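Asker: According to the numbering used here, the sequence shown is numbered sequentially starting from 129.
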Amino acid sequence: MSTDVTASDGPAVVPRVGVVLGSDSDASLAEALAEELRALAIPFEVRVLSAHRSPGLAADYAATAAARGLRVLVGIAGMANHLAGALAAHSLLPVLGVPAGGGLLDGLDALLSTVQMPPGVPVGTLAVGRAGARNAAILAARILALDDSALAARLAVARTRMTERVEEADRRIREIL
Ligand code: RP5
129 MSTDVTASDG PAVVPRVGVV LGSDSDASLA EALAEELRAL AIPFEVRVLS AHRSPGLAAD
189 YAATAAARGL RVLVGIAGMA NHLAGALAAH SLLPVLGVPA GGGLLDGLDA LLSTVQMPPG
249 VPVGTLAVGR AGARNAAILA ARILALDDSA LAARLAVART RMTERVEEAD RRIREIL
């Protein structure tokens with residue numbers, strides 16, 4: 129799977145976030161992440177490249193990512209999740225890792241194998257599952273916003289809207305109970 133959401137609508141847009149799945153069975157997490165990136169108008173691409181099943185392709189992808197204009201990589205995988213670590217081993221870009229749930233340990237296996245990187249090769253590890261996928265998008269946006277003031281403004285609007293939704297929920301619950 130390869131997706132560049134904005135390229136089809138006009139002139140070629142360089143993806144800034146590279147999302148890599150260990151399997152197409154992780155696609156629902158990529159969709160959650162993509163929803164956040166689209167809301168923030170961040171161009172991205174999604175690939176399926178396994179650290180175990182296609183290690184050479186995953187390594188090549190990471191090694192060439194910066195030269196192709198990518199600024200942040202996200203590895204999403206379940207079970208023994210070495211994907212984000214493998215991307216980090218082959219790139220100097222910031223790498224975020226999202227452990228997928230499911231399986232015997234329901235994501236605890238993926239969480240530990242994502243987060244427990246040896247010193248020198250960091251992976252910014254998010255929560256297991258959809259919450260982690262959404263936060264990976266927002267954290268990637270915050271990294272990109274360091275030198276993109278328009279994106280920083282969009283993030284500020286999103287934060288205000290989130291707060292307003294909580295305030296509205298607070299009003300409603302106090303009316304009901
Ligand atoms: C991991 O193993 C994948 O990221 C996926 O979460 C899990 C199972 O993969 P499939 O057998 O569904 O392809 O490598």
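For each residue, glycine too, the CB sits at the ideal point set by N, CA and C. Note that the coordinates shown come from a computational prediction; the quantities given were computed from them, not determined experimentally.
Buried or exposed: where does Met290 fall if 16 or more other Cβ atoms within 10 Å of its Cβ makes it buried?
Answerer: Within the sequence shown, numbered from 1, the residue matching residue 290 stands at position 162. By the neighbour-count rule (16 or more Cβ atoms within 10 Å), Met290 is not buried but exposed.
Asker: Have a look at Val122 and Glu303 and give me their C-alpha separation to the nearest angstrom.
Answerer: Residue numbering for the chain in the displayed model covers 129 to 305; residue 122 lies beyond these limits and cannot be assessed.
Asker: Go through the residues and name those whose CB comes closer than 6 Å to any heavy atom of the ligand COA, in chain order.
Answerer: Questions concerning the ligand COA fall outside what the structure shown contains, since the ligands it does hold are the ligand RP5.
Asker: I'd like the span of the beta strand (DSSP E) that includes Val174, first residue to last.
Answerer: Position 46 of the sequence shown, counting from 1, holds the residue named residue 174. Looking at the DSSP string, the run of the beta strand (DSSP E) that includes Val174 is 172–176.
Asker: Buried or exposed, going by whether 16 or more other CB atoms sit within 10 Å of the CB of Ser153?
Answerer: Reading the sequence shown from its first residue, position 25 is the one you call residue 153. Answer is exposed; the Cβ neighbour count stays below 16.
Asker: Using the Cβ count rule (16 or more neighbours within 10 Å means buried), how would you classify Ile204?
Answerer: For the purposes of this step, residue 204 is taken as the residue at position 76 of the sequence shown. Counting Cβ neighbours within 10 Å, Ile204 comes out buried, since at least 16 surround it.
Asker: Let me know the beta strand (DSSP E) ranges lying completely inside the stretch 158–215, each 3 residues or longer, listed in chain order.
Answerer: Listed in chain order, the complete beta strand (DSSP E) runs (minimum 3 residues) inside the stretch 158–215 are 172–176, 200–205.
Asker: Would you decide whether Gly150 is buried or exposed? Buried here means 16 or more other CB atoms lie within 10 Å of its CB.
Answerer: In the sequence shown, counting from the first residue as 1, residue 150 sits at position 22. Gly150 should be labelled buried.
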